[in-house]
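Novice: Quick one: this structure, given as structure tokens, is what I'll be asking you about.
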Ligand code: BES
Ligand code: MN
Ligand code: ZN
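Residue numbers (my numbering): 153 to 667.
In structure tokens, the structure reads:
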């Protein structure tokens with residue numbers, strides 16, 4: 153059951169709810185605003201706990217107080233917001249996710265909250281509403297598709313993360329006294345819910361196992377998005393890939409019984425100006441065994457998530473279709489399975505991509521760059537002049553940046569800056585790596601235009617160097633989400649498993665570039 157978030161105008165002391173969330177900055181001894189009103193109605197219970205040192209206001213601190221009929225709410229939760237000088241929308245997103253899971257563990261089925269940061273925090277009401285919606289919905293996300301006992305993990309001992317315990321929360325009310333802020337708050341909640349729902353679609357696609365989430369199923373997921381939001385859909389099959397000369401994509405797919413799909417979703421937000429365009433290109437390897445260059449068995453199951461880039465593109469296209477910015481956006485997902493079947497490509501094979509460039513396949517496990525090469529060529533043929541590709545491309549990326557941020561590489565510092573700007577509002581973080589010409593020689597081949605592995609040095613950058621050959625003269629950036637597409641544990645708006653990164657940033661990018 154989906155959680156609904158409603159904005160309600162009124163006085164928090166009068167609002168009937170199983171639990172009311174108020175907040176406190178670190179170091180504040182006499183709470184003001186809505187928290188102060190609740191403190192007075194509770195005969196100073198909150199300020200007394202502050203004086204006792206039990207409430208400090210640190211981020212991640214949640215103090216539950218039973219109201220015992222002194223206010224309309226049954227319980228109050230005081231959520232720490234940390235130091236006022238460190239406060240931003242990311243804190244609201246984090247606190248919203250964590251307090252929602254905290255209350256779910258307590259068995260609460262609905263709760264109310266004040267709009268964090270909209271008062272002395274200095275956030276505008278829209279930004280506060282958006283961050284509350286994103287944090288709450290994303291933080292409560294569960295993937296239960298394969299649990300047969302209905303409500304799944306945790307409390308009933310069916311496995312999963314203890315943090316996941318508790319039944320679904322049906323409704324969250326954001327209670328705001330200032331009638332003048334209600335419309336902005338509501339608009340922010342609406343955008344936040346749209347972006348969070350898109351990111352949760354990406355999470356679902358990634359969390360499904362590879363026996364279910366095949367290239368064919370990814371195409372069906374794209375069809376559902378197209379039907380829902382009125383996008384155009386084209387699914388390019390093996391025969392049409394052959395006609396287009398997509399030898400790099402076909403080479404990866406030939407070791408699998410699963411037919412590859414190049415999925416093309418088109419949103420026309422500015423049909424009179426075709427030059428006002430953006431292309432989002434996603435790696436959709438539904439399972440990466442490594443192919444003949446077979447991966448070791450340990451953790452290979454994680455390679456069901458090698459389509460996370462493609463999933464984020466499908467999901468971002470849904471958000472873009474709903475938000476309808478004035479820009480033309482095309483989503484292209486190169487979906488294939490990398491298997492070591494009897495027809496599989498071999499190390500040493502040479503493939504020719506759609507633009508005629510040849511690649512020596514040194515390592516069949518460097519397959520993502522091969523499928524993206526043809527997807528980038530196809531995007532160029534469609535006339536797209538501004539390209540962002542998203543891929544779980546290299547293990548080296550996880551070594552370089554870990555899970556804290558996504559690597560950016562590309563040929564356009566302006567487009568890289570646009571990603572950073574979009575990331576600053578989504579809270580998804582990025583770090584740019586240098587595309588120095590020196591790295592190009594690492595992928596020089598003895599027999600072809602390039603080889604698909606540059607060896608141990610600068611592995612994420614040499615992968616990007618190969619992609620650059622296929623973006624040609626388009627403005628292009630590559631986002632390597634090998635680390636950030638999954639979370640090892642639940643924290644803030646993230647829960648263990650797929651993160652949906654960078655769905656919200658991609659949608660925000662389209663909105664920001666619209667004119
Ligand atoms: N899908 C992997 C990269 C990956 C590794 C993603 C770990 C997420 C977590 C990619 O296809 C791959 O296998 N890359 C190779 C490239 C190498 C053979 C040049 C890698 O990183 O080892
Ligand atoms: Mn691989
Ligand atoms: Zn891969």
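Virtual Cβ for every residue (Gly too), placed ideally from N, Cα, C.
Could you check whether the Cβ of residue 596 sits closer than 8 Å to any heavy atom belonging to the ligand BES?
Specialist: Flag unset: Cβ of residue 596 not near the ligand BES.
Novice: Residue 170 to residue 413, Cα distance in whole Å?
Specialist: Near 49 Å, if we compare the C-alpha coordinates of residue 413 and residue 170.
Novice: For the ligand MN, any of its heavy atoms closer than 8 Å to the Cβ of residue 603?
Specialist: No, the ligand MN has no heavy atom inside 8 Å of this Cβ.
Novice: For residue 519, which residues from the same chain have a beta carbon less than 7 Å from its beta carbon, with the 5 sequence-adjacent residues on both sides left out?
Specialist: For residue 519, where only same-chain residues beyond five positions count, the Cβ hits under 7 Å are 404, 437, 440, 443 and 490.
Novice: Give me the residue from 202, 167, 172 and 590 with the minimum Cα distance to residue 183.
Specialist: Nearest option by C-alpha distance: 202.
Novice: Within this structure, are the beta carbons of residue 331 and residue 457 separated by less than 9 Å?
Specialist: Not in contact: residue 331 and residue 457 (Cβ atoms no closer than 9 Å).
Novice: Around the Cβ of residue 199, are there at least 16 other Cβ atoms within 10 angstroms (buried) or fewer (exposed)?
Specialist: Buried.
Novice: Between the Cα of residue 474 and those of 281, 663, 213 and 275, spot the shortest distance and give me the residue it belongs to.
Specialist: When only C-alpha atoms are compared, the closest one is 663.
Novice: Determine the direct distance from the alpha carbon of residue 256 to that of residue 422, and round the result to whole angstroms.
Specialist: Between residue 422 and residue 256, the C-alpha separation is close to 43 Å.
Novice: Could you pull out every residue in the same chain whose Cβ sits closer than 7 Å to the Cβ of residue 478, ignoring the five residues on either side in sequence?
Specialist: Closer than 7 Å at the Cβ level, and outside the excluded window around residue 478, lie 421, 422, 666 and 667.
Novice: Over the uninterrupted alpha helix (DSSP H) stretch that includes residue 386, give me the two end residues.
Specialist: Segment 384-388 is the beta strand (DSSP E) holding residue 386; no alpha helix (DSSP H) there.
Novice: Look at the Cβ atom of residue 297, then the Cβ atom of residue 386, and state whether they are nearer than 9 Å.
Specialist: No. Outside cutoff.
Novice: Starting from the N-terminal side, write out each stretch of the alpha helix (DSSP H) that is 4 residues or longer and does not extend beyond the segment 389-473.
Specialist: Counting whole runs of 4 or more residues, the segment 389-473 contains the alpha helix (DSSP H) stretches 390-396 and 399-405.
Novice: Could you tell me the distance, in whole angstroms, from the CA atom of residue 292 to the CA atom of residue 575?
Specialist: One C-alpha to the other measures close to 22 Å.
Novice: Just reading off the beta strand (DSSP E) that residue 262 is part of, what are its end residues?
Specialist: From DSSP, the beta strand (DSSP E) with residue 262 extends over 262-265.
Novice: Within the chosen definition, does the segment 459-473 reach the segment 537-551 through at least 3 CB pairs nearer than 8 Å?
Specialist: Taking 8 Å as the limit for Cβ pairs, the verdict is that the segment 537-551 does touch the segment 459-473.
Novice: Thinking C-beta only, is residue 242 closer than 9 Å to residue 213?
Specialist: Contact flag unset, no.
Novice: From residue 174 to residue 582, what does the alpha carbon distance come to, in whole angstroms?
Specialist: Those two C-alpha atoms are separated by around 32 Å.
Novice: Considering Cα atoms alone, identify which of 215, 157, 340 and 359 is closest to residue 324.
Specialist: Here the closest residue by C-alpha is 157.
Novice: With DSSP collapsed to three states, give me the class of residue 521.
Specialist: DSSP places residue 521 in helix when its eight states are reduced to three.
Novice: What did DSSP end up calling residue 604 once you bin it into helix, strand or coil?
Specialist: Coil, per DSSP.
Novice: For residue 320, I'd like the list of residues in its chain whose CB is within less than 6 Å of its CB, leaving aside the five on either flank, ordered along the chain.
Specialist: Within the same chain, residue 320 has close Cβ partners 153.
Novice: Would you mind sorting residue 309 into buried or exposed? The rule is 16 or more other CB atoms within 10 Å of its CB.
Specialist: With a pLDDT of 41 at residue 309, under the threshold of 50, the modelled position of that residue is not reliable, and the figure given next carries that caveat. Per the 10 Å Cβ criterion, exposed.
Novice: To the nearest whole angstrom, what separates the beta carbons of residue 429 and residue 538, a pair I think is in contact under 8 Å?
Specialist: Indeed, because the Cβ distance is near 6 Å, the residues count as touching under 8 Å.
Novice: According to DSSP, is residue 346 helix, strand or coil?
Specialist: Three-state DSSP puts residue 346 in a helix.
Novice: So, residue 374 versus residue 483, is the Cβ gap smaller than 9 Å?
Specialist: Their beta carbons are under 9 Å apart, which means residue 374 touches residue 483 by this criterion.
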